[in-house]
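Novice: One structure, pasted below without further comment.
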Amino acid sequence: MKKAFYWFTMCAKQGHAKGQYNLGLMYFRGDGVTASDLEAFRWYKKSAEQGYSQGQYNLGLMYFYGAGTLMNKKESAYWIKKAYESGYNKAKGFWDKNDLWKY
Numbered sequence: 063m064k065k066a067f068y069w070f071t072m073c074a075k076q077g078h079a080k081g082q083y084n085l086g087l088m089y090f091r092g093d094g095v096t097a098s099d100l101e102a103f104r105w106y107k108k109s110a111e112q113g114y115s116q117g118q119y120n121l122g123l124m125y126f127y128g129a130g131t132l133m134n135k136k137e138s139a140y141w142i143k144k145a146y147e148s149g150y151n152k153a154k155g156f157w158d159k160n161d162l163w164k165y
């Protein structure tokens, strides 16, 4: 895991959206690093802002559940919608199940 963490850190710092997403995932899960919702949120946000759909989805989940940030259903709806508009089908199911259209 140390190699993966090093690799994703290098990619993330160079601005690669998928690397940022993967680094966020490692922090969220605590894979090879101390788990940190704050760090996961930070890296998901960077990934999401570059248009990476899985980063958008996970950022939306962080806002929805208040993990690493304050709970904010409006922000959650914004990022979940962007993810499903980008073709990430899992996001559409979450959108529908949780009636995010209300926000």
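Counted from 1, the sequence shown has number 88 at position 26 by our numbering; the numbering is strictly sequential.
Backbone N, C-alpha and C fix where the C-beta goes; we use that ideal spot for every residue, glycine too.
Just so it is clear, the structure is predicted and the values come from calculations on it, not from any experiment.
#1: Find the nearest neighbour of Phe90 within the set Lys65, Gly130, Met72, Cys73, judged by alpha-carbon distance.
#2: Rank Asn120, Lys143, Leu132 by C-alpha distance to the C-alpha of Leu87 and give the top, closest one.
#3: Contact check, Ala139 vs Leu123 under 8 Å by CB: the rounded distance?
#4: Report yes if the C-beta distance between Ala74 and Asn84 is below 9 Å; otherwise report no.
#5: Can you name, in chain order, every residue of its own chain whose Cβ lies under 7 Å from the Cβ of Phe67, other than the five neighbours on each side?
#6: What's the C-alpha gap between Gly149 and Leu132?
Specialist: According to the structure shown:
#1: Gly130 is the residue among Lys65, Gly130, Met72, Cys73 whose C-alpha sits nearest the C-alpha of Phe90.
#2: For Leu87, the closest alpha carbon among the candidates Asn120, Lys143, Leu132 is that of Asn120.
#3: Your pair Ala139 and Leu123 does not check out as a contact, with CB atoms roughly 12 Å apart and the cut at 8 Å.
#4: Asn84 sits close to Ala74, with the two beta carbons spaced by under 9 Å.
#5: Within its own chain, the residues whose Cβ lies closer than 7 Å to the Cβ of Phe67, once the five positions on either side in sequence are excluded, are Met88, Gly94, Val95, listed in chain order.
#6: Straight-line spacing of the CA atoms in Gly149 and Leu132 works out to 27 Å.
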